[in-house]
Amino acid sequence: MGARCSKLSLCWWPSNLKSNLNDSSDLENGEEALPGFSEYSLDQLRAATAGFSTDNIVSEHGEKAPNVVYRGTLDEDRLIAVKRFNRSAWPDPRQFLHMKWPMRLRVALYLAQALEYCSSRGRALYHDLNAYRILFDQDGNPRLSSFGLMKNSRDGKSYSTNLAFTPPEYLRTGRVIPESVVYSFGTLLLDLLSGKHIPPSHALDLIRGKNFLMLMDSCLEGQFSNDDGTELVRLASRCLQYEPRERPNVKSLVTALTPLQKETEVPSHVLMGIPHGTASSKQTMVLTPLGEACSRMDLTAIHEILEKIGYKDDEGIANELSFQMWTDQIQETLNSKKRGDTAFRAKDFGTAIECYTHFIDGGTMISPTVFARRCLCYLMNNMAQEALGDAMQAQVISPEWPTAFYLQAAALFSLGMDNDAQETLKDGTNLEAKKHRN
3 MGARCSKLSL
13 CWWPSNLKSN
23 LNDSSDLENG
33 EEALPGFSEY
43 SLDQLRAATA
53 GFSTDNIVSE
63 HGEKAPNVVY
73 RGTLDEDRLI
83 AVKRFNRSAW
93 PDPRQFLHMK
103 WPMRLRVALY
113 LAQALEYCSS
123 RGRALYHDLN
133 AYRILFDQDG
143 NPRLSSFGLM
153 KNSRDGKSYS
163 TNLAFTPPEY
173 LRTGRVIPES
183 VVYSFGTLLL
193 DLLSGKHIPP
203 SHALDLIRGK
213 NFLMLMDSCL
223 EGQFSNDDGT
233 ELVRLASRCL
243 QYEPRERPNV
253 KSLVTALTPL
263 QKETEVPSHV
273 LMGIPHGTAS
283 SKQTMVLTPL
293 GEACSRMDLT
303 AIHEILEKIG
313 YKDDEGIANE
323 LSFQMWTDQI
333 QETLNSKKRG
343 DTAFRAKDFG
353 TAIECYTHFI
363 DGGTMISPTV
373 FARRCLCYLM
383 NNMAQEALGD
393 AMQAQVISPE
403 WPTAFYLQAA
413 ALFSLGMDND
423 AQETLKDGTN
433 LEAKKHRN
């Protein structure tokens with residue numbers, strides 16, 4: 003199988019089909035050339051799946067796999083399967099920001115200080131020291147987790163290891179010694195230098211060949227001097243020596259790293275580019291299931307909740323109609339709403355939009371629930387601005403209806419207006435609490 007991943011979808015196709023980018027069957031080095039990859043736009047995938055039609059759904063997402071797989075056909079009659087993810091399925095891009103050189107140096111120093119502290123308290127042995135053991139507190143400062151402290155093994159005996167690159171002596175004896183911790187610290191320095199896992203033996207070969215710049219993360223270009231880079235690489239090399247006695251101790255690690263620190267007056271959260279100060283309203287609020295679903299942009303959960311609630315929140319909404327309007331127009335209007343509800347239940351959101359629009363344009367009845375449902379349909383079709391307009395209209399009709407605020411928050415999240423979305427979530431939560439008090 004071949005694959006190509008875009009921000010919105012993943013497209014798979016059988017590898018035995020020829021690529022339109024590689025029609026020749028030329029042989030190179032005695033092997034058939036691999037088929038070329040093709041990248042498809044969202045419009046192409048939408049056309050291939052008939053607008054992501056429900057008729058083309060192969061499998062629907064579950065709780066642990068928030069996606070829908072569609073069957074599709076490209077222009078060249080190539081059959082494909084398209085996996086379309088919810089927005090909530092994509093990881094927060096802030097988790098993958100590049101760490102600046104001063105912050106990487108700070109991580110190394112704080113980690114060395116933590117190891118020195120443990121050693122001074124009689125806990126010199128730390129098993130499975132790796133990048134996943136480093137946590138960051140609310141101020142963005144790096145901290146060493148306690149998971150790897152070997153509290154019950156004074157002699158360093160351990161029965162398992164999750165290290166990608168194990169200290170040589172551990173392979174020989176199955177024991178962790180203080181120098182083993184320093185070796186693992188050296189692999190962490192390589193991670194900080196390169197931004198990826200590099201086998202220590204390969205790194206040492208590059209260092210001996212004076213090609214240490216090949217180790218450096220390309221994102222760090224222009225952020226460090228050759229002297230600083232050389233010093234940190236030299237320290238990593240000392241930590242990775244084969245013989246334990248040739249490695250530095252943790253106290254000398256702190257001594258070596260301290261003078262390398264940069265921008266020491268700048269707080270860690272600033273170097274990390276993360277918000278700081280008051281906790282986010284999302285963390286402090288107790289949200290209802292609908293509020294929680296909107297905060298996560300879980301459109302499937304929102305659909306299930308709105309379907310379950312039905313129209314009970316429309317009770318008390320005035321719809322004063324003349325007898326003439328009742329006899330001539332009401333039946334057609336009600337039929338439009340019924341068709342919209344049927345399409346909404348079947349997740350045919352395009353048809354639901356058309357039917358609900360016909361109901362709204364009829365002007366004979368007012369329903370905040372219809373606006374709420376059409377709002378979700380717009381979100382399902384990546385029409386966030388229209389969704390926001392419907393959620394606001396629902397609020398106009400029913401000013402103290404929490405659902406209208408929650409859906410506004412979902413639309414605002416979709417538009418990237420997170421701060422406004424959090425405030426709107428808070429307003430909805432306050433209205434919910436007020437309703438329960440009454």
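Under this note's numbering, the first residue of the sequence shown is numbered 3, with each subsequent residue one higher.
Ideal Cβ placement from N, Cα and C applies to all residues, glycine included.
On the three-state DSSP scale, how would you describe R86?
Three-state result, R86: strand.
H199 to Q397, Cα distance in whole Å?
About 52 angstroms.
Please work out which residues of its chain come closer than 7 angstroms, Cβ to Cβ, to G197, disregarding the five sequence neighbours upstream and downstream, and give them in chain order.
Cβ within range, chain order: D219, C221.
Could you check if I450 is buried or exposed, using at least 16 other CB atoms within 10 Å of its CB as the buried criterion?
For residue 450 there is no data in the structure shown, the boundaries of the chain being 3 and 440.
What does DSSP give as the partner residue(s) for S61 in the beta ladder?
V71.
Does the pairing of the stretch 257-265 with the stretch 124-134 give three or more beta-carbon distances under 8 angstroms?
Contact between the stretch 257-265 and the stretch 124-134 is absent, because fewer than three Cβ pairs lie under 8 angstroms.
For P104 and A295, what's the separation of their Cα atoms in angstroms?
Their backbone Cα atoms lie some 38 angstroms apart in a straight line.
Count the other C-beta atoms from every protein chain shown that fall within 10 angstroms of the C-beta of D420, then say buried if there are 16 or more, exposed otherwise.
Flag for D420 reads exposed.
Under the three-state reduction of DSSP, which class applies to R145: helix, strand or coil?
R145 falls in the strand class under three-state DSSP.
If contacts are defined as beta-carbon pairs under 8 angstroms, then A427 and A411 qualify, I think. What distance do you get, rounded to the angstrom?
For the record, residue 427 in the displayed sequence is Leu; it is not Ala. With a Cβ gap of about 4 angstroms, L427 and A411 count as contacting.
Does the Cβ of H129 have 16 or more other Cβ atoms within 10 Å, making it buried, or fewer, making it exposed?
Buried: at least 16 other Cβ atoms inside 10 Å.
Hey, quick one: how far does the alpha helix (DSSP H) through F346 stretch, first residue to last?
Here the alpha helix (DSSP H) through F346 covers 333-347.
Rounded C-beta distance between L378 and L301? I'm assuming under 8 angstroms.
Sure, about 7 angstroms apart at Cβ, within 8 angstroms.
How big is the Cα-Cα spacing for L47 and V84?
Cα to Cα, the separation comes out at about 7 angstroms.
Considering only residues of the same chain and omitting the five flanking positions on each side of Y358, which have a CB-CB separation below 6 angstroms?
Correct list, in chain order: G342, V372, R376.
Pick from D77, S61, R298, D422: whose alpha carbon is nearest that of V70?
Ranking the options by Cα distance to V70, first place goes to S61.
Using the C-alpha atoms, what's the distance from A386 back to A435?
About 27 angstroms.
Leaving out five residues before and five after L76 in sequence, what residues of the same chain have Cβ atoms less than 7 angstroms from its Cβ?
Hits under 7 angstroms: A50, I82.
Distance cutoff 8 angstroms, beta carbons only. Does C120 sit that close to anything in chain D?
Among the chains of the structure shown, chain D does not appear; only one protein chain is present.
So what does DSSP say about L242, is it helix, strand or coil?
Coil, per DSSP.
Tell me whether the beta-carbon of L262 lies closer than 8 angstroms to the beta-carbon of D230.
Yes; because the gap between Cβ atoms is below 8 angstroms, this pair is in contact.
From the DSSP output, read off the bridge partner residues of F138.
Beta-bridge pairing links F138 to P144.
Pull up the distance between the alpha-carbon of S121 and that of S182, whole angstroms please.
Approximately 13 angstroms between the Cα atoms of the pair.
So, with DSSP's three-state summary, where would you put L313?
This sequence places Tyr at residue 313; Leu is not what is there. Correct three-state label for Y313: coil.
Three-state secondary structure (DSSP) at Y128?
DSSP places Y128 in strand when its eight states are reduced to three.
Less than 8 angstroms between the C-beta atoms of L234 and L191, yes or no?
A contact, by the Cβ cut-off of 8 angstroms.
Locate the alpha helix (DSSP H) running through P370, then write down its first and last residues.
That run of the alpha helix (DSSP H) goes 370-382.
Does DSSP put S416 in a helix, in a strand, or in coil?
It is helical.
Just how far apart, CA to CA, sit K264 and S270?
Near 11 angstroms, if we compare the C-alpha coordinates of S270 and K264.
Just mark A348 as buried or exposed, buried being the case when its beta carbon has 16 or more other beta carbons within 10 Å.
Looking at its Cβ environment, which holds fewer than 16 other Cβ atoms inside 10 Å, A348 is exposed.
Within 10 angstroms of its Cβ, does R247 collect 16 or more other Cβ (buried), or is it exposed?
R247 comes out exposed.
Please state whether the Cβ-Cβ distance between V272 and A114 is less than 8 angstroms.
No, these two residues do not count as a Cβ contact at 8 angstroms.
Looking at the secondary structure, which residues open and close the alpha helix (DSSP H) in which Y42 lies?
Taken as a continuous stretch (DSSP letters only), Y42 belongs to no alpha helix (DSSP H), as it is neither H nor E.
Just how far apart, CA to CA, sit L292 and Q395?
Their Cα atoms are separated by approximately 19 angstroms.
Would you kindly report the start and end of the unbroken alpha helix (DSSP H) that includes D363?
Residues 351-364.
Could you tell me if V268 is buried or exposed, where buried requires 16 or more neighbouring beta carbons within 10 angstroms of its beta carbon?
Flag for V268 reads exposed.
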